[in-house]
Amino acid sequence: MATIAEDKRTMGRWPLTVLAQTIGHGNSDFVPNDFQSFRRQELFFALLNLFLIGALLALQAFSRFVRGKPSAAVVWVLAVGLVVQVFHLACLNRRTAARSLPKRRVFTFWSLGFNSTLAFVLTFITIKGDTAYYALMLLPVLEAAFRLGLGGTIAVVVLADFISFLGAYGMVFGEYIEAGAMSVIYTVMGVLVWLLVNNLRQREARFVRNREELERTRERLLAEEKLAAVGRLSRALAHEIRNPVAMIASSLATAASAGQDEAERKEMFAIASKEAARLERLTTDFLVYARPRAPQIGPANLADMLNYVASVARAHAANKGVAIDVLADRRLECDFDAGQIQQALLNLVLNAIDACRGGDSVSLKAEKNGSPAIRIDVIDPAGPIPGETVERIFEPLFTTKQEGNGLGLAIARNIVRAHGGEIVLRINEPRLVCFSIEIPAHSPN
Numbered sequence: 006m007a008t009i010a011e012d013k014r015t016m017g018r019w020p021l022t023v024l025a026q027t028i029g030h031g032n033s034d035f036v037p038n039d040f041q042s043f044r045r046q047e048l049f050f051a052l053l054n055l056f057l058i059g060a061l062l063a064l065q066a067f068s069r070f071v072r073g074k075p076s077a078a079v080v081w082v083l084a085v086g087l088v089v090q091v092f093h094l095a096c097l098n099r100r101t102a103a104r105s106l107p108k109r110r111v112f113t114f115w116s117l118g119f120n121s122t123l124a125f126v127l128t129f130i131t132i133k134g135d136t137a138y139y140a141l142m143l144l145p146v147l148e149a150a151f152r153l154g155l156g157g158t159i160a161v162v163v164l165a166d167f168i169s170f171l172g173a174y175g176m177v178f179g180e181y182i183e184a185g186a187m188s189v190i191y192t193v194m195g196v197l198v199w200l201l202v203n204n205l206r207q208r209e210a211r212f213v214r215n216r217e218e219l220e221r222t223r224e225r226l227l228a229e230e231k232l233a234a235v236g237r238l239s240r241a242l243a244h245e246i247r248n249p250v251a252m253i254a255s256s257l258a259t260a261a262s263a264g265q266d267e268a269e270r271k272e273m274f275a276i277a278s279k280e281a282a283r284l285e286r287l288t289t290d291f292l293v294y295a296r297p298r299a300p301q302i303g304p305a306n307l308a309d310m311l312n313y314v315a316s317v318a319r320a321h322a323a324n325k326g327v328a329i330d331v332l333a334d335r336r337l338e339c340d341f342d343a344g345q346i347q348q349a350l351l352n353l354v355l356n357a358i359d360a361c362r363g364g365d366s367v368s369l370k371a372e373k374n375g376s377p378a379i380r381i382d383v384i385d386p387a388g389p390i391p392g393e394t395v396e397r398i399f400e401p402l403f404t405t406k407q408e409g410n411g412l413g414l415a416i417a418r419n420i421v422r423a424h425g426g427e428i429v430l431r432i433n434e435p436r437l438v439c440f441s442i443e444i445p446a447h448s449p450n
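Start counting the sequence shown at 6; every next residue gets the next number (this note's numbering).
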């Protein structure tokens with residue numbers, strides 16, 4: 006939105022006004038944190054310049070061999086320029102540490118001055134003769150357009166124009182026309198490239214501002230979402246606490262009222278005791294969820310752990326007529342907190358048992374999920390889980406069971422994530438539900 010508004014305002018201004026406002030803008034490769042962009046540009050210009058000087062040297066050396074022209078001084082100056090450029094490129098390639106802003110500016114002006122000096126010396130040596138050394142000013146004009154403001158670019162263009170006219174000094178009128186044409190080319194090229202580069206940099210600056218604004222908006226939304234989640238959790242926790250507290254209060258009030266016989270009084274006390282135990286269990290589970298213990302990583306055997314969980318859950322399964330099967334390689338081992346993973350896995354197994362009917366079977370399976378991870382599956386035939394339940398299944402205090410507190414799966418997910426893994430509902434189909442725990446094969450660093 007901000008970018009569109011700025012573009013509309015810019016379109017409504019006079020072009021000269023916009024141009025005047027952009028003259029003073031700095032270039033992004035001179036920004037202290039943008040050394041890599043500066044280095045890439047400098048390497049590119051240095052390679053182009055090396056190719057240009059090398060090509061001129063080869064052509065002039067061949068021309069001197071065939072025609073005896075130009076003079077040996079020209080070839081020697083180009084050779085020295087080539088050596089200096091090779092040394093410059095080697096220094097650029099070797100130096101990877103960031104340079105300070107003043108050093109980058111000095112480096113840039115040295116690059117501009119080197120080519121300008123080389124072009125001036127060669128043009129002066131060949132004055133009143135055939136010369137094409139004003140071509141060496143192409144790269145300084147382009148580099149100035151990339152690095153300097155409009156004033157600096159125009160200054161380099163004027164210098165290039167001067168060298169072009171210097172090459173035509175003392176020659177026929179047509180050479181001056183050719184020098185004038187080159188001057189026009191330099192001017193158009195420098196100003197046009199400068200405008201394009203600055204336009205790109207202004208768009209980049211707007212993009213950075215918009216990205217920062219989006220990041221701030223995202224942070225605000227995350228903060229609001231956290232507050233909303235805390236609010237939902239607080240309401241759910243208050244609801245879960247209020248019910249047993251109300252039951253305890255009403256039971257005790259009934260037991261204390263006149264006219265109650267001993268049997269009714271004992272029944273009321275039993276209800277109050279049961280609700281108090283449920284309240285204690287809820288607060289304990291909530292503290293485990295809110296302040297999870299850091300895992301104590303150590304080597305453990307997957308088959309032994311799955312068999313232990315199956316044996317703990319087997320009594321509950323027998324009451325519902327549900328069988329438990331374990332499938333795991335006896336050699337399969339992993340580094341994790343065995344007690345915590347057992348707790349997470351037991352929550353999944355008990356949920357699977359509660360969802361089954363008599364005669365069903367719950368399967369526990371462990372296998373390598375590729376080289377870096379172990380996958381533990383809890384499979385039951387009680388699917389599918391309704392979509393509205395799937396969306397909230399790991400939400401704290403959400404439950405579809407009358408006796409549940411809705412913290413089991415939330416605690417299990419916290420445990421698995423603390424191990425660098427994840428717990429997911431991998432399959433949810435008719436007669437097939439599979440929850441999977443995936444954890445690294447080795448303990449996280």
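The C-beta atom is built at its ideal place from N, Cα and C for all residues, glycine as well.
Residue i (DSSP reduced to helix, strand or coil)
{"i": "D340", "result": "strand"}
{"i": "C439", "result": "strand"}
{"i": "V80", "result": "helix"}
{"i": "R431", "result": "strand"}
{"i": "D334", "result": "coil"}
{"i": "D385", "result": "strand"}
{"i": "P377", "result": "coil"}
{"i": "G118", "result": "helix"}
{"i": "G303", "result": "strand"}
{"i": "A357", "result": "helix"}
{"i": "V327", "result": "coil"}
{"i": "E400", "result": "coil"}
{"i": "A263", "result": "coil"}
{"i": "P391", "result": "coil"}
{"i": "L414", "result": "helix"}
{"i": "A51", "result": "helix"}
{"i": "K74", "result": "coil"}
{"i": "K370", "result": "strand"}
{"i": "P107", "result": "helix"}
{"i": "K249", "result": "Sequence inspection shows Pro at residue 249; the Lys mentioned does not correspond to that position. In this structure, P249 counts as helix in the three-state DSSP scheme."}
Buried or exposed (CB count within 10 angstroms, at least 16 for buried), residue i
{"i": "N324", "result": "exposed"}
{"i": "R216", "result": "exposed"}
{"i": "E47", "result": "buried"}
{"i": "F212", "result": "exposed"}
{"i": "L205", "result": "exposed"}
{"i": "Y138", "result": "buried"}
{"i": "R261", "result": "According to the sequence as given, residue 261 is Ala; it is not Arg. Exposed, since its Cβ has fewer than 16 Cβ neighbours within 10 Å."}
{"i": "S441", "result": "buried"}
{"i": "T113", "result": "buried"}
{"i": "G363", "result": "exposed"}
{"i": "P107", "result": "exposed"}
{"i": "W115", "result": "exposed"}
{"i": "P249", "result": "buried"}
{"i": "V71", "result": "exposed"}
{"i": "P435", "result": "exposed"}
{"i": "P391", "result": "exposed"}
Option nearest residue i by Cα separation, candidates the options
{"i": "P300", "options": "A349, I58 and M187", "result": "A349"}
{"i": "L123", "options": "T158, I168, L155 and A233", "result": "I168"}
{"i": "R152", "options": "D166, N120, I442 and G195", "result": "G195"}
{"i": "D340", "options": "Y313, P304 and N204", "result": "P304"}
{"i": "N98", "options": "R319, A78, N54 and R44", "result": "R44"}
{"i": "D385", "options": "E338, V89, S366 and F170", "result": "S366"}
{"i": "R110", "options": "I428, G154 and R69", "result": "G154"}
{"i": "L57", "options": "V71, P145 and F114", "result": "P145"}
{"i": "N312", "options": "D359, V354 and L412", "result": "V354"}
{"i": "A333", "options": "A318, A165, E372 and R362", "result": "E372"}
{"i": "A184", "options": "F49, F170, R298 and K370", "result": "F170"}
{"i": "L377", "options": "A254, A446 and L287", "result": "Checking the sequence, you will find Pro at residue 377 rather than Leu. Ranking A254, A446 and L287 by Cα distance to P377 puts A446 first."}
{"i": "L141", "options": "A78, Q207, A60 and E220", "result": "A60"}
{"i": "Q65", "options": "L83, F49, L55 and L53", "result": "L83"}
{"i": "P297", "options": "L197, I346 and N433", "result": "I346"}
{"i": "A315", "options": "R335, E148 and L351", "result": "L351"}
{"i": "L201", "options": "V161, K406, L337 and L147", "result": "L147"}
{"i": "A423", "options": "A343, L402 and S42", "result": "A343"}
{"i": "L94", "options": "A308, E272, F50 and A254", "result": "F50"}
{"i": "A251", "options": "A281, A268, G264 and E230", "result": "A281"}
Any non-hydrogen atom of the ligand NAP closer than 7 Å to residue i Cβ
{"i": "V82", "result": "The ligand NAP is not among the ligands present in this structure, which contains no ligands whatsoever."}
Rounded Cβ spacing between residue i and residue j (contact assumed at less than 8 Å)
{"i": "L414", "j": "I398", "result": "6 Å"}
{"i": "A165", "j": "Y191", "result": "5 Å"}
{"i": "L55", "j": "V91", "result": "7 Å"}
{"i": "V383", "j": "A357", "result": "5 Å"}
Practice task
Any chance you could list the beta strand (DSSP E) runs of at least 3 consecutive residues sitting entirely within the segment 198-226, in chain order?
Solution key: none
Exercise for the section: At 4 residues or longer, and completely inside the segment 140-175: list those alpha helix (DSSP H) runs for me, N to C. Expected result: 143-152 and 155-172
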